[in-house]
Amino acid sequence: MKVEVRLSGSGGQGLILAGIILAEGAISSKLNAVQTQSYGPEARGGASKSEVIISDSEINFPKILKPKILLSLTQKSLNEYLKDVDKSGIIVVDSSIEVECREIANIYKFPIIDSSKEVMGSSVAANMVALGVLSQLIDDIDTENIKKSMIKRVPKGTEKLNIAAFEKGIELFNMSIHANH
Amino acid sequence: MKVEVRLSGSGGQGLILAGIILAEGAISSKLNAVQTQSYGPEARGGASKSEVIISDSEINFPKILKPKILLSLTQKSLNEYLKDVDKSGIIVVDSSIEVECREIANIYKFPIIDSSKEVMGSSVAANMVALGVLSQLIDDIDTENIKKSMIKRVPKGTEKLNIAAFEKGIELFNMSIHANH
Amino acid sequence: MTERTKLLQGNEACVQGAIYAGMRFFAGYPITPSTEIAELSSLLLPKIKGKFIQMEDEIASIAATIGASLAGYKSMTATSGPGFSLKQECIGYASLIESPCVIVNVQRCGPSTGLPTSPSQADLMQAKWGTHGDHPIIALSPSTVEETFELTVKAFNFAEKYRTPVILLLDEVVGHLREKIEIPKAGELEIVNRKKPTCNKDEYKAYEYCEDFVPPMASIGEGYRYNVTGLMHDETGFPTNSTSETGKLMNRLFEKIEANLDDILIYDEYKTHDANILLVSFGGMCRSCKDAIKKLRKENVKVGLFSIKTVWPFPEEKLKEVAKNIDKIVVVEMNKGQMIQEVQRTLGKDKDIIGINKINGEVITPIEIIDTIKEEYLRCLVK
Amino acid sequence: MTERTKLLQGNEACVQGAIYAGMRFFAGYPITPSTEIAELSSLLLPKIKGKFIQMEDEIASIAATIGASLAGYKSMTATSGPGFSLKQECIGYASLIESPCVIVNVQRCGPSTGLPTSPSQADLMQAKWGTHGDHPIIALSPSTVEETFELTVKAFNFAEKYRTPVILLLDEVVGHLREKIEIPKAGELEIVNRKKPTCNKDEYKAYEYCEDFVPPMASIGEGYRYNVTGLMHDETGFPTNSTSETGKLMNRLFEKIEANLDDILIYDEYKTHDANILLVSFGGMCRSCKDAIKKLRKENVKVGLFSIKTVWPFPEEKLKEVAKNIDKIVVVEMNKGQMIQEVQRTLGKDKDIIGINKINGEVITPIEIIDTIKEEYLRCLVK
Amino acid sequence: MPSEIVKKNLRTNRLPHIWCPGCGHGILMRAIAVSIEELNIDKDKVCIVSGIGCSSRAAGYMNFNTIHTTHGRALAFATGIKIAKPELHVIVISGDGDLTAIGGNHFIHACRRNIDITTIVFNNNIYGMTGGQYSPTTKTGDFATTAPFGNIDKPFDICELACGAGATFVARGSVYHVPNTIKYIKEGLKHKGFSVVEGLSICPTYYGRKNKKGSAVALMNELRDKCVNITKKESVNEKELEDNIYIGVFKDTITPEYTDEYKKVLDKFDK
Amino acid sequence: MPSEIVKKNLRTNRLPHIWCPGCGHGILMRAIAVSIEELNIDKDKVCIVSGIGCSSRAAGYMNFNTIHTTHGRALAFATGIKIAKPELHVIVISGDGDLTAIGGNHFIHACRRNIDITTIVFNNNIYGMTGGQYSPTTKTGDFATTAPFGNIDKPFDICELACGAGATFVARGSVYHVPNTIKYIKEGLKHKGFSVVEGLSICPTYYGRKNKKGSAVALMNELRDKCVNITKKESVNEKELEDNIYIGVFKDTITPEYTDEYKKVLDKFDK
Amino acid sequence: MKKTVVIESAWCKKCGICVEYCPVKILELNEDTVYIKDSEKCISCGKCEQRCPDYAIYLQKTE
Amino acid sequence: MKKTVVIESAWCKKCGICVEYCPVKILELNEDTVYIKDSEKCISCGKCEQRCPDYAIYLQKTE
Ligand SMILES: Cc1ncc(C[n+]2csc(CCOP(=O)(O)OP(=O)(O)O)c2C)c(N)n1
Ligand SMILES: Cc1ncc(C[n+]2csc(CCOP(=O)(O)OP(=O)(O)O)c2C)c(N)n1
Ligand code: SF4
Ligand code: SF4
Ligand code: SF4
Ligand code: SF4
């Protein structure tokens, strides 16, 4: 198996951290994973990008040319990266984002940012909500491992809230699946 | 023809200038000439060395391994360079210097420093006196050309005295030749 | 996942490897994409009684690094292109005074400020020729995070064993990549420490022309009050103008590397046994090569990879051996063609040597390698 | 002796040549054996309304030199090994922003402080690879005082014509040598000035991808208010992260040199027509070669010399041509073997290539060349 | 549509700039534009030289002759430009890192030579561009990515350093005190000789975050509260003294200017 | 047979040194030897670091741990040494060129950090080693091989620069005023923090000749005549002020020292 | 001649500086940009323009 | 315990500094080195030793 995930949004939304936690979760689940991200001034104010490749065999080339899964938390980042996703890909976006795309079948819209506000009182945990959603899209990763990594990586004192946000993401996904099926 | 001259003494005796004037005189006399010298801290207090190669054809390799003529104005410099001169070579030294050498036939001792004192009131023109002596040992160089170069190169106001010192050197040489023959 | 399985960035693995090897001093000046090395050092070193200092610039950083080395510390500095250029004068100094230390250059796209966050491998030649005057150099270039750890350990070992600066030539691809690494247990990897003098204090010659070419090294403060100078010096370490002493010194510097090539040269072969096309690459680009080979092998194209980890000295003899029965050589590097020059020099004109190069800040993808190979060679190779 | 026949030092001839070529700005920092270049510039420039400044270090010197170039001046800086290492970062900057200027390196024996007053040619590779990142470079190396004058003029011409830094690689042998020179009359040597824009001020693109690869260059203060940056930039001179713009820029930089090799490559042949042994050399060591050839020819040994004046780019094609019918190649250089690597790469393994090298601060004498040739080849060559 | 001052002095097609939300650098860049505008200097004769850093990116946005050089060397490039063409108004924009870390030597020598260049330093007490390492002006005790346990370095007082090195006009303003800052920049531009105007800036992204100082507004408020005009220094008490940051004109003297002196040398050879 | 002080502190087998007749550097080197001797510092713990220049050659003659580094960088090397081993007495010997031209940046940063290193600068107002070019301390109007029409640069006042950069002990002596100089060096060595002792030296070979100032003795006499103790500054009149050179202790304060502060960080992790 | 406040929304990065220092407190942020709650109250002091790091708010002359 | 002036001729570079600053003027230069004209008059002030750049003249303890 090999999954290529691109997490995108604006600088400060914590997508790099989310990518790292995802990759670490994969590794703890005895998979291989590599994570890369965008750097430089554009990574601050503007569009930010974190990429994770997860596989059960050796991963050599570490860049993603055609993501299997694209997460976008801002309209701008979706607009920039949508073209890279091929038809069989999956798109996960916040409900506030408009997706004008007919070719891609799997488009998931969730109130990611609002859910964060619900759990945390602000949008800072949107990354963890998103991670919850993503965790349901990638087989073979034990969500417990993601949580362990999360506890290690988030600022002290915020562990519980982040876990709650993560679980909220899982819930969002599962509810929608139930609704659809 | 090709003559290799090494002028040696201590830093400050003006032997570099003397070498330059000699080389320039040679060039004005339609010969080729190259001049090199020792640099660095040792060229200040310690031994100083200026080398001139004069030839009627192209001069490529510019260093002197075995000088034809060695001028030494200090004992130290003579001791250092004597070994490089071969039997057919010529040695010119100040009268104050002791030459313990039996192989080399042509050893000229002149009161170079004292002559400078005589002309200039100090030893500063010893280099020019020496140049006068040397000029008589190298054919094909017009002494007038050496004088022209000297006038150009010595500090303004000292031209006449330097020329006088130079002529004193010529005189020293010619007197000795007359004495010997 | 064991305790020692970690997700680490290449730059982080470099710091971890350095500390594992015994690094206890780091001096640096931030520059993308190497900054994480300074940042992690500033966090970890104080916890183990190590010293971290951010200096005023790159020149000061390498100077402080060498100073600490003379005081007995295993020391390191890290930078990227522009900073590496600035450090060149002092790299030559470290080489001549035989001060062990590790200089990391996380290569980015140049020249000048270039594209600071984009990858490149265009400082390969600079690592050897960047400073004035002839001098020997060891440079290592890892292609994975795990290798970064290992080669950093090696870099320190070589530095200490041969009393010489060692350059760790990372590239942005590896430096900024996070992947799985199994941190070796203490004692698992060999750690080398510098040879110390055992002679009487007044008999000590810091630059002795000894049999293994590497004189023992006393630290400042241990009572061996010797002299260090970047001027040519004799065995005692004092300046000399003597051409014969200079010759002896310079020869010893080269000898100590040349006599130990077996120890120093590190490389890997990947599917070369039956290859009729050989990729030659180093650092992050080995990764693209491997992916390309996997795919080409599926199409029955027999491609192998000679991946060079010790980039300087260049493993000439080994390359000759590997390439003995292979005529088609493809050198894959993110530059205008630097390693290919060494390959050409080593293998001569009988071989068909081409380069795959890129200098616009993008990595070379497996597809590009595959396409080039198909275009250039496939007609004749695949039945 | 005419008015124009002079006894000049190589370093002095460099200044005279520079002024002849139009140099009106010099910034430097003293260092043996290049200091005379700064000293003479400080004396002569003010007399012709030129500007001289001694800066606080070598980095500042090249920075000021580039600054003056952007302001429209023909400008130069001069240094030696340690200073040349320090200037490397800014040399890459000049190359990328396409600022014409001349950088003189009077080579001395290194690495590090080395032997400051002793000759060497060990910065040859550094002249090409010293700065980080790929970049094109032109480097010229004269072997006589007269040639120093001429090649300095050429250096300025190339700098202006191709909007690029040019390195004048002197060595202590030539730099500190006084010999006869015939100063050319005004107008006797061609002088090239940079191309200026003729377009509307708001249409000006300082980094246009034009046909001859060299965009016209406006000076600061002339009303073309363009931007200069050491970041990768587009045609207008503004920073870009685009890989395609970066690729175009980098290609143009190399193209402008590669498309003009006929103009740029300068070399000399000496008694090569019937030679069966070819000496290859550059700079001051050509002098030893010539003396050796003269003597060997007297013994009927057919030796010739290919003396390379444009050392970078390396004249590969011409060397191939000259060496076509010669199997024995001897590369004579005061270093550990640098140019020989280019010769090996260019000529491949069919030729018998050896080097005569010295790295102890002494020049290679004609005798040493003669002895080596006799030892290596004479059995087979002389009947 | 941007404002007049922006249209006339900045390259609007390059805006919005890359600086983070709330970054003080934009405020200082505008202050420079206003100063040049109000002094009515010929734009073709203005040359802005910068080094490398967030601050140094200002050059590219300004509609003059602009040179974005190498890290720390802006003043050395500027010196070459000014000596070559003394008729130019040469302005250097630099960061605290660019000017006083790697560029410290060129800074003190430009001060010493008293060459007619105006240097405006955007001092945010951090290396912004590389992501928040401590700079030579980071206060002791502050946190930064390379000072995880608090900075133990003592900071430079840039104005004191400039005075000690021989600069002839030295002033400090801030992004809060914009009218003052504009006044100092204008005085600096008019000054014949080397002038330094330190503009206290803010970096909410790195300095602010690392030091838990909150938003851009909070950092601005800190400037408002701590800055005291130098003219009032005498009247504050010991304890206040320590925490105060002084703004105002620290030095304003006239001594021979470098390019003038060079001209005198040239004039010796005029027939 | 050399004197006791020479035998105990210098490497007599390397003497006589390479300096020219009458060069002031030898006087300062002896002053350092006397200071170390009188303070009775363990020789094995003394590390002398120098750069490149005539002055910097001093290191090689002194019988301690001696490091002759690259031009201008002595303080950066010394900083690494001192941080690595704070128990060492690290002394930097540098020239005016080495310290304040190419080395200026490391100088001001060492001052700023207040790291416990004693810097002794042999200031002869010229680059001696390279043959007499003007240095950042050459007086305006003086001649040098690169100032054939008189120097137009303004000189640094090294002590003022050090103060402006944050040094905590700053003093100036001269080769004429040897007892004072020894006193200042001793105070500098005892001082906890960064100390600078400027020793006014003489270069008869280049500075003297180029400026037609005559012999070493004449240059010494000039120092004798022009130097005034800083404590008397108040009482001299305007005109005299200009021509005077002040010697004495310019600054002597105690602020936290760098390696001490670093130790506090380390101590946080002591169990 | 009067001056009115103009906002260039596309450039506003929502730092809130202008909002804070508007002496009559008529500015406010929304999701995308700053906006003027009550332009009538503007006293044309220019404090927003002076300190806006992004030139997104300024006074324009109207006749 | 008395101190007497000693000269290490081999090291003297004849700069004349000691001669100039000897308060009792008992030192003099010859062609090769400095010498003591009248050692009886020496007051052991050490001014020669302090300023000799070459350590060629110094006071030695004698009992
Ligand atoms: C030679 C070199 N060293 C280091 C860097 C990396 N670098 C870029 S900007 C910068 C510091 C910028 O700090 P400052 O000047 O204060 O500007 P700010 O970004 O805070 O505005 C550094 C270290 C570089 N580009 N070049
Ligand atoms: C990088 C570098 N630049 C320049 C030089 C040449 N250089 C050697 S010493 C020196 C100046 C010495 O002056 P100073 O420090 O005042 O010492 P002094 O010789 O006057 O005692 C210079 C420019 C060098 N060795 N290295
Ligand atoms: S990192 Fe700091 S200095 Fe740089 S743009 Fe952002 S706020 Fe401004
Ligand atoms: S050149 Fe000057 S500084 Fe150097 S040794 Fe001679 S007198 Fe001393
Ligand atoms: S100050 Fe500027 S960027 Fe900030 S909120 Fe106001 S208009 Fe927007
Ligand atoms: S001071 Fe020293 S070197 Fe000078 S004359 Fe006296 S003894 Fe000789």
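Chains Y, B, P, H, G, Z, F and X are the protein sequences, given in the same order. Numbering follows the UniProt record's numbering, with no gaps: position 155 of the first sequence is 155. Numbering follows the UniProt record's numbering, with no gaps: position 147 of the second sequence is 147. Numbering follows the UniProt record's numbering, with no gaps: position 216 of the third sequence is 216. Numbering follows the UniProt record's numbering, with no gaps: position 108 of the fourth sequence is 108. Numbering follows the UniProt record's numbering, with no gaps: position 41 of the fifth sequence is 41. Numbering follows the UniProt record's numbering, with no gaps: position 50 of the sixth sequence is 50. Numbering follows the UniProt record's numbering, with no gaps: position 11 of the seventh sequence is 11. Numbering follows the UniProt record's numbering, with no gaps: position 26 of the eighth sequence is 26. Even glycine gets a Cβ: it sits at the ideal position worked out from N, Cα and C.
TODO: Give, in chain order, every residue of the region 202-226 of chain H whose Cβ lies closer than 9 Å to some Cβ of chain P.
DONE: So the list is empty, because no residue satisfies the distance condition.
Open item on the list: Is it buried or exposed, D350 of chain P, if we count other Cβ atoms within 10 angstroms and call 16 or more buried?
Closed with: What you label residue 350 of chain P is simply residue 350 of the third sequence in a count that begins at 1. So D350 of chain P ends up on the exposed side.
- [ ] Can you check DSSP and say which residues form a bridge with G173 of chain G?
- [x] Working through the fifth sequence from its first residue, we reach residue 173 of chain G at position 173. As computed with DSSP, G173 of chain G is found in a beta bridge with G:G199.
Task: Through-space distance from G10 of chain P to A159 of chain P, alpha-carbon basis - done: Sequence index remark: in the third sequence, residue 159 of chain P carries index 159 (1-based). Sequence index remark: in the third sequence, residue 10 of chain P carries index 10 (1-based). C-alpha of A159 of chain P to C-alpha of G10 of chain P: approximately 21 Å in a straight line.
Task: chain G within 8 Å of M55 of chain H, Cβ atoms only - done: Position 55 of the fourth sequence, counted from the first residue, corresponds to residue 55 of chain H. Yes, its Cβ sits closer than 8 Å to a Cβ of chain G.
- [ ] Please determine if the region 19-33 of chain Z and the region 76-95 of chain H are in contact, where contact requires at least 3 C-beta pairs separated by less than 8 Å.
- [x] Result no; under three Cβ-Cβ pairs closer than 8 Å.
Open item on the list: Spatial neighbours of Y58 of chain F within its chain, please: C-beta separation below 7 Å, excluding the five flanking residues on both sides.
Closed with: Position 58 of the seventh sequence, counted from the first residue, corresponds to residue 58 of chain F. Same-chain partners within the cutoff: V6, E49.
- [ ] Give the straight-line distance between the Cα atoms of E87 of chain Z and I120 of chain Z, rounded to the nearest whole angstrom.
- [x] Locating residue 87 of chain Z in the sixth sequence gives position 87, where the first residue counts as 1. Locating residue 120 of chain Z in the sixth sequence gives position 120, where the first residue counts as 1. Distance between the alpha carbons of E87 of chain Z and I120 of chain Z is about 19 Å.
TODO: Return helix, strand or coil for Q121 of chain P, following the three-state DSSP convention.
DONE: Along the third sequence, one-based indexing puts residue 121 of chain P at 121. In this structure, DSSP gives Q121 of chain P a state outside helix and strand, which the three-state scheme calls coil.
TODO: Give the straight-line distance between the Cα atoms of L381 of chain P and R345 of chain H, rounded to the nearest whole angstrom.
DONE: Stepping through the third sequence from its first residue, residue 381 of chain P is reached at position 381. Stepping through the fourth sequence from its first residue, residue 345 of chain H is reached at position 345. Caution applies to L381 of chain P, whose pLDDT of 49 falls short of 50 and renders its modelled position unreliable; the value that the coordinates give is listed next. Cα to Cα, L381 of chain P sits roughly 27 Å from R345 of chain H.
Open item on the list: On the DSSP bridge list, what partners appear for N34 of chain Y?
Closed with: In the first sequence, counting from the first residue as 1, residue 34 of chain Y sits at position 34. First, the amino acid is wrong: residue 34 of chain Y is Val here, not Asn. According to DSSP, V34 of chain Y bridges with Y:I53, P:E179.
- [ ] Would you mind sorting C199 of chain P into buried or exposed? The rule is 16 or more other CB atoms within 10 Å of its CB.
- [x] Reading the third sequence from its first residue, position 199 is the one you call residue 199 of chain P. Its Cβ having fewer than 16 others within 10 Å, C199 of chain P is exposed.
TODO: Check whether the Cβ atoms of V6 of chain Z and C47 of chain Z lie closer than 8 Å to each other.
DONE: By one-based count along the sixth sequence, residue 6 of chain Z stands at place 6. By one-based count along the sixth sequence, residue 47 of chain Z stands at place 47. It is not a contact, given that the beta carbons lie outside the stated cut-off.
Open item on the list: Ignoring anything shorter than 3 residues, give me the beta strand (DSSP E) runs that lie fully in the region 251-308 of chain P, in order along the chain.
Closed with: With a minimum length of 3 residues, the continuous beta strand (DSSP E) runs that stay inside the region 251-308 of chain P are 267-270, 277-282, 303-308.
- [ ] Grab the span of the alpha helix (DSSP H) containing Y108 of chain B for me, first residue to last.
- [x] Taking the second sequence and counting its residues from 1, the one referred to as residue 108 of chain B is at position 108. Unbroken run through Y108 of chain B is the beta strand (DSSP E), 106-110; no alpha helix (DSSP H).
- [ ] Closer than 8 Å by C-beta to K383 of chain H: which residues in its own chain qualify, once you throw out the five before and the five after it? Chain order, please.
- [x] As a position in the fourth sequence, residue 383 of chain H is number 383, starting the count at 1. Residue confidence for K383 of chain H is low, a pLDDT of 41 falling below 50, so the modelled location carries little weight and cannot support an answer.
Open item on the list: Using the Cβ count rule (16 or more neighbours within 10 Å means buried), how would you classify D225 of chain G?
Closed with: Residue mapping note: residue 225 of chain G aligns to position 225 of the fifth sequence, counting from 1. Around the beta carbon of D225 of chain G, fewer than 16 other beta carbons sit within 10 angstroms, so the residue counts as exposed.
Open item on the list: Is P136 of chain Z near ligand 5 - that is, is its Cβ less than 7 Å away from at least one heavy atom of it?
Closed with: Counted from its first residue, the sixth sequence places residue 136 of chain Z at position 136. No, the beta carbon of P136 of chain Z sits no closer than 7 Å to any heavy atom of ligand 5.
Task: Chain-ordered chain H contacts of P366 of chain P [CB-CB under 7 Å] - done: The count along the third sequence starts at 1 and reaches residue 366 of chain P at position 366. Neighbours of P366 of chain P on chain H: none; closest Cβ ~17 Å, over 7 Å.
Task: Within 8 Å, strictly: CB atoms of V5 of chain Y and E51 of chain Y - done: Working through the first sequence from its first residue, we reach residue 5 of chain Y at position 5. Working through the first sequence from its first residue, we reach residue 51 of chain Y at position 51. Between V5 of chain Y and E51 of chain Y, the C-beta gap is smaller than 8 Å, which places the two residues in contact.
TODO: Using a threshold of 8 Å, state whether the C-beta atoms of L279 of chain H and C289 of chain H are closer than that.
DONE: As a first step, residue 279 of chain H must be located in the fourth sequence, where it is residue number 279. As a first step, residue 289 of chain H must be located in the fourth sequence, where it is residue number 289. C289 of chain H sits close to L279 of chain H, with the two beta carbons spaced by under 8 Å.
Task: Short Cβ contact (8 Å threshold) for A218 of chain P with P239 of chain P - done: As a first step, residue 218 of chain P must be located in the third sequence, where it is residue number 218. As a first step, residue 239 of chain P must be located in the third sequence, where it is residue number 239. No, they are not a contact pair.
- [ ] Ignore the nearest five residues each way along the sequence and tell me which others in V197 of chain G's own chain have a CB closer than 6 Å to its CB.
- [x] Locating residue 197 of chain G in the fifth sequence gives position 197, where the first residue counts as 1. So the qualifying residues of the chain are I120, A171, Y184, I185, G188.
Open item on the list: Which same chain residues end up closer than 6 Å to M29 of chain G when comparing Cβ atoms and leaving out the 5 residues on each side of it in sequence?
Closed with: Against the fifth sequence, residue 29 of chain G aligns to sequence position 29. Only residues of its own chain outside the window of five on either side were considered, and among them A58 have a CB closer than 6 Å to the CB of M29 of chain G, listed in chain order.
- [ ] Let me know if C52 of chain F comes out buried or exposed under the rule of 16 or more other beta-carbons within 10 Å of its beta-carbon.
- [x] Locating residue 52 of chain F in the seventh sequence gives position 52, where the first residue counts as 1. Flag for C52 of chain F reads buried.
TODO: Report yes if the C-beta of V19 of chain X is less than 7 Å from at least one heavy atom of ligand 6; otherwise report no.
DONE: Residue 19 of chain X sits at position 19 when you count from the first residue of the eighth sequence. At a cut-off of 7 Å, the beta-carbon of V19 of chain X counts as near ligand 6: some heavy atom of the ligand is closer than that.
Open item on the list: Going by beta-carbon coordinates alone, are L219 of chain Z and Y55 of chain X separated by less than 8 Å?
Closed with: Residue numbering aside, residue 219 of chain Z sits at position 219 when the sixth sequence is read from its first letter. Residue numbering aside, residue 55 of chain X sits at position 55 when the eighth sequence is read from its first letter. At a Cβ-Cβ threshold of 8 Å, L219 of chain Z and Y55 of chain X do not count as neighbours.
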